[in-house]
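Worksheet: one structure, shown below.
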Amino acid sequence: MKTLKYIFALLILSVSFVSCSSDDDENIPIETNPVEGLNKIYEFSEADHSVEIYSEKQILEVGYNEISIRIKDLTNDKYITNARVTWMPMMHMATMEHSAPHSMLSNSEESSVYKAHIVFQMASNDTEYWDLRLNYSVNGQPMEKEFSISVVQPADGLKKTQVFTGSDDTKYVLAFINPKAPKVALNDMQAVLYKMESMVSFPVVENYKITVDPRMPGMGNHSSPNNQDLTYNAATKKYEGKLSLTMTGFWKINMKLLNENGVVLKGEDVTEDHLTSSLYFELEF
Amino acid sequence: MKIFISVFPLRGTLVGCLWCALFCGIFTPKLSAQETPADSLKLINLTEVVVISTGKKLDHQKQRKPLSTLDEFLESSRSINMVKRGAYAWEPTMNDMASERLAVTIDGMQIFGACTDKMDPITSYVDVSNLSEAQIGSGQQGAVFGNTIGGGINLKLDKSNFKPTGWNGSLESAFETNNKMRVFGGELNYSDEKFYANTDVIYRKADDYKAGGNKEVNFSQFEKYNFSVNSGYKLTDDKFISATLIYDEAKDVGYPALTMDVSLARAVIGSVSFNQDTLFGNLSNWESKVYYNTIKHVMDDTTRPDVVIHMDMPGWSETAGFYTQANFNKENNHFFFKMDGFYNKSYAEMTMYPTNSNEPLMFMLTWPDVHTKDVGFYAEDHINFEKSSLKLSTRLAYHSNAVADDFGLNSLKIFYPEMEKTNSRFLKSFSAQYHTPLSDFHFNGGVSYGERAPSVSEGYGFYLFNSFDNHDYIGDPNLNTESSADANVSLTYKRPVFEITATANYFHIFDYIIGKVDSSLSTMTIGADGVKIYTNLEYAQLFNASFSGRYNISNAFKLTGNLSYHRGVDNDGENLPLISPVSYRSALDFYKNQYSVSLSVEGTGEQTNYNPAYGETKTAAYATLSASFGKRFFINESDLFVKAGIQNIFDTYYSSYTDWNNIPRMGRNIYTTISYSIN
């Protein structure tokens, strides 16, 4: 019966053969630097403090820009956590000037980092330029700093910001946020929607709906299933939904903007005769 | 996006298995109490055996077309029909069920094609030069080879098996006029009581074939070569080890019925086995084998005109496995036990090149690196009663699939957000088969139950284009196990000069897996009509009946005939696709004084039960007539055999229900075969 042992060993082997699996233990180290991975795009120093401005991008671009600001107290080399920073971007053109949609800076996530976003509607050039005014306080002393910033068109040339007038004669700004790195998957999609009340006032539009219909113009306008229309999330003040992309390549995200009564303000359905909506984003990956 | 299939991680385990197997053999105490070894072959009560071997000179006489492709050999079987997408790599179907419902093995080895579009059934990776026979088991009679619904086919390799024949070799060549197919083959064998080695090589090259009326079928060319070695070494009188290696490569294979061709289909198949006459004193014919095979398949559309979007579609399939089996006889019970397992990795991708070259490439995983594990136990008991016999068999298997590639998993989650990475199931099979002779009659009847897991495409396919119904297909990882309850009867009336057999079988298949249109989905393939999702139908029913006869008119003349009827419907009474209409074949064979002549007719009735929803159109009735003539010469010690024949004598233009997209079949074809063997 010696052989039985070997048979048994063979059985064990065959069992281990079916139970093999690989476990990928992903131990992501806890991040300590709050501006890790961000690019410092501007920095200026005053007598007792310095201001650092960070972006995910190398340079500010037309569209949605998430910006982080830190103010360092040079007397103790510590970042100030009660600076109450506010800002105002301004576009200076030959005959007029206007602001850009932006959110309120907040340090609730990380006490030393003031974070918010600006949606630039246009690029700056030789005669038309953007500047940014910062108001903040250092040790109770109010400060103001205004400096010019340069804003360029995104290098990929893809349309990710739409400035348009809806059927209600209101001017809207719609900007794409996520997915920043699209995947062949069901992606979380995010966008911001502002309306232009005046040259300097761009309030967030709440409770509208944006339908999404991703298409591949290069593949006979192939579409993908299980997309979720973007709806307003009051907590993030953004429009959120799901975007499914079935393959890599060039995608056109066709959209329609509906107000709270379901009236279409902009955009059309994609049909065989009408291949694209007038309201769209472009993605490539 | 480059991808590499990593070196098989379980190779170590395999080597372990092999060592273990060898260990068992070497250290097993020699058992002297030798009983007459039971005839193990008899125990596997197969439905049919198709003799293939070209090496055996005597067999040439029996075969109407000795060096034809393996596909043609299989098609000559009563139970097998071949689905044709061109002149090469036909897909076997049995009881009107194709690859995913069959267990097809090569010498007991599980192999899975690497093409998402079924352009490489595993029968395309061996050639007639390697094989001795195809063992065919209908329904659960095929469960010995694996989990199946429709049946099992095992392609048995040709081996010398320690026959004291010494050196021998042969050269073979064939030519066919229709597609100018050139076949060159040769084999060299050595065998004695201690050692044997068989080597063979075969090369085939064919141009486009012409359908009836001299109409050329574009993109039906192919070129392939196959090389194999197998050898055995006797360790002691009662044990030996053997090893097999097959290398098969096809290039420039046209698929006229599809939108793409194949630039490369390559398989490397290897195995090592250990055999011992007895085990533990009671078990006999103990055989253990470990095997590994790897397949690469590359689709290609660069030679096609008017391609809307150029695509690269390579696929890989890698399988490693083992089995160990033995017989056990106790009084009237003849047991057969087998334990087997395999591990398969299937990966396929698609890259599309946009017309606007500034846009990024479009990439998707069509098979998301699916890892399939299967371990099964098979047992049968063949019980002999005084006159009758009963065969009971069962297969119990654990089967699991895992999506190993995150890109692929995320892709599928678009459709199935809740899907799990792995999916396992327990598969069962039971069957009872009874045989009794009643004077001149033989009655055979049986009932069985079997289950199968969805195939990789059915479970995990991602936008697989099916040109038959012009739809893109998406798999469903949550499919239920498909199961089948079936019954079969056959009655044979046997007299010395003639024999008539009537057989019928019925399959009631629960959770029948088939693609159903989901009109909410948008097609991926430009020009496709829609998207289908693999779904479980509540049930489907398949019925097959055939009537066959043989009449020995005289010693020299023999008449055979076969008529069959098939029907397949789903739970709404709708026709299932690819079900044969009434078909018949008949042949008159003459053999005397080394001359052989045959005349055969083959045809089908009109296809009245077809289903346009699956892309079928009604195929018309057809009949073709073929003839062959052969002569064997002896030159000194050597043996020269010449055979010539003509197929489709009247150059009929036709296509059958098995012809993908109704591509027409070959018109008149004259073939010649010469084989010369040196003993």
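Sequences listed follow chains H and X, in order.
For the first sequence, this note's numbering begins at -4 and goes up steadily by one.
For the second sequence, this note's numbering begins at 3 and goes up steadily by one.
Every residue, glycine too, gets a C-beta built ideally from N, C-alpha and C.
Nothing here was measured: the structure is a model prediction, and the numbers come from that model.
Counted within 10 angstroms of its Cβ, other Cβ atoms place residue i as buried (16 or more) or exposed
i: H/Lys35; result: exposed
i: X/Tyr536; result: buried
i: X/Arg13; result: Low local confidence applies: a pLDDT of 38 at X/Arg13 is under 50, so the model's placement there is unreliable, with the coordinate-based value given in what follows. Counting Cβ neighbours within 10 Å, X/Arg13 comes out exposed, since fewer than 16 surround it.
i: X/Ser524; result: buried
i: H/Thr122; result: exposed
i: X/Trp169; result: exposed
i: X/Thr95; result: buried
i: X/Pro123; result: buried
i: H/Tyr128; result: In the sequence on display, residue 128 of chain H carries Arg and not Tyr. By the 10 Å Cβ count, H/Arg128 comes out exposed.
i: X/Gln142; result: buried
i: X/Ala89; result: buried
i: H/Gly32; result: exposed
i: H/Phe276; result: buried
i: H/Leu252; result: buried
i: H/Tyr167; result: buried
i: X/Glu189; result: buried
i: H/Gln53; result: exposed
i: X/Ser556; result: exposed
i: X/Leu69; result: buried
i: X/Ser101; result: buried
Cβ neighbours of residue i in the same chain (closer than 6 Å, five flanking residues each side left out)
i: X/Met668; result: Asn180 and Tyr211
i: X/Lys560; result: Asn554 and Asp591
i: X/Asp209; result: Asn181, Lys182 and Gln223
i: X/Lys291; result: Ser273, Ser275 and Tyr325
i: X/Ile204; result: Asp129, Ser131, Gly187 and Asn228
i: X/Cys117; result: His299 and Gly317
i: H/Trp223; result: First, the residue type needs correcting, since residue 223 of chain H is Gln and not Trp in the sequence shown. For H/Gln223, where only same-chain residues beyond five positions count, the Cβ hits under 6 Å are Gly236 and Lys237.
Alpha-carbon to alpha-carbon, residue j and residue i
i: X/Ser273; j: X/Gly115; result: 18 Å
i: X/Ile151; j: X/Asn538; result: 15 Å
i: X/Ile637; j: X/Pro166; result: 22 Å
i: X/Ala91; j: X/Glu77; result: 12 Å
i: X/Ser335; j: X/Glu484; result: Per the sequence shown, the amino acid found at residue 335 of chain X is Asn instead of Ser. The straight-line gap from Cα to Cα measures roughly 32 Å.
i: H/Phe39; j: H/Leu55; result: 17 Å
i: X/Pro356; j: X/Val405; result: 28 Å
i: X/Phe338; j: X/Glu93; result: 30 Å
i: X/Arg80; j: X/Asn564; result: 8 Å
i: X/Glu135; j: X/His510; result: 30 Å
i: H/Lys233; j: H/Gly213; result: 30 Å
i: H/Lys175; j: X/His373; result: 31 Å
i: X/Tyr659; j: H/Gln185; result: 52 Å
i: X/Asp41; j: X/Ala542; result: Note on X/Asp41: pLDDT 32, under 50, position unreliable in the model; no value is reported.
i: X/Phe443; j: X/Thr494; result: 5 Å
i: X/Asn200; j: X/Thr246; result: 9 Å
i: H/Thr165; j: H/Asp183; result: 28 Å
i: H/Val158; j: X/Met354; result: 33 Å
i: H/Gly161; j: H/Lys204; result: 13 Å
i: X/Val85; j: H/Lys154; result: 49 Å
Beta-carbon contacts of residue i that lie in its chain and below 8 Å, excluding the five residues immediately before and after
i: X/Phe500; result: Gly551, Arg552, Tyr553 and Asn554
i: H/Phe245; result: Met211, Pro212, Gly213, Glu277, Leu278 and Glu279
8 Å Cβ cut-off: residues of chain A touching residue i
i: X/Lys415; result: Of the protein chains in this structure, namely H and X, none is chain A.
Any non-hydrogen atom of the ligand NAD within 7 Å of residue i CB
i: H/Pro96; result: Among the components of this structure there are no ligands whatsoever, and the ligand NAD is therefore not found.
| query | Three or more C-beta pairs closer than 8 Å, one from the region 93 to 111 of chain H and one from the region 60 to 78 of chain H: is that the case here? | reply | The region 93 to 111 of chain H vs the region 60 to 78 of chain H: in contact.
| message | Could you check whether the region 409 to 418 of chain X touches the region 467 to 474 of chain X, counting it as contact only if at least three pairs of C-beta atoms, one from each stretch, sit closer than 8 Å? | response | no
| task | Could you tell me whether the region 643 to 655 of chain X touches the region 214 to 234 of chain X, where touching means 3 or more Cβ pairs closer than 8 Å? | result | yes
| message | With three or more C-beta pairs closer than 8 Å as the rule, is the region 179 to 198 of chain H touching the region 223 to 240 of chain H? | response | yes
| field | Residue ranges of each beta strand (DSSP E) within the region 109 to 159 of chain X, 3 or longer | value | 133 to 140 and 153 to 159
| task | Kindly confirm or deny that the region 92 to 106 of chain H and the region 185 to 198 of chain H touch, where touching means at least three C-beta pairs closer than 8 Å. | result | yes
| message | Using a Cβ distance threshold of 8 Å, determine whether the region 278 to 294 of chain X contacts the region 304 to 312 of chain X, with at least three qualifying pairs required. | response | no
| Counting pairs of Cβ atoms below 8 Å between the region 602 to 609 of chain X and the region 571 to 580 of chain X, do you hit three or more? | no
| Meets three-Cβ-pair contact criterion under 8 Å: the region 389 to 409 of chain X and the region 360 to 374 of chain X | yes
| In chain order, which beta strand (DSSP E) runs of at least 3 residues are fully inside the region 613 to 655 of chain X? | 624 to 637 and 640 to 649
| query | In chain order, which continuous runs of the beta strand (DSSP E) of length 3 or greater are located wholly inside the region 16 to 83 of chain H? | reply | 34 to 40, 44 to 50 and 58 to 68
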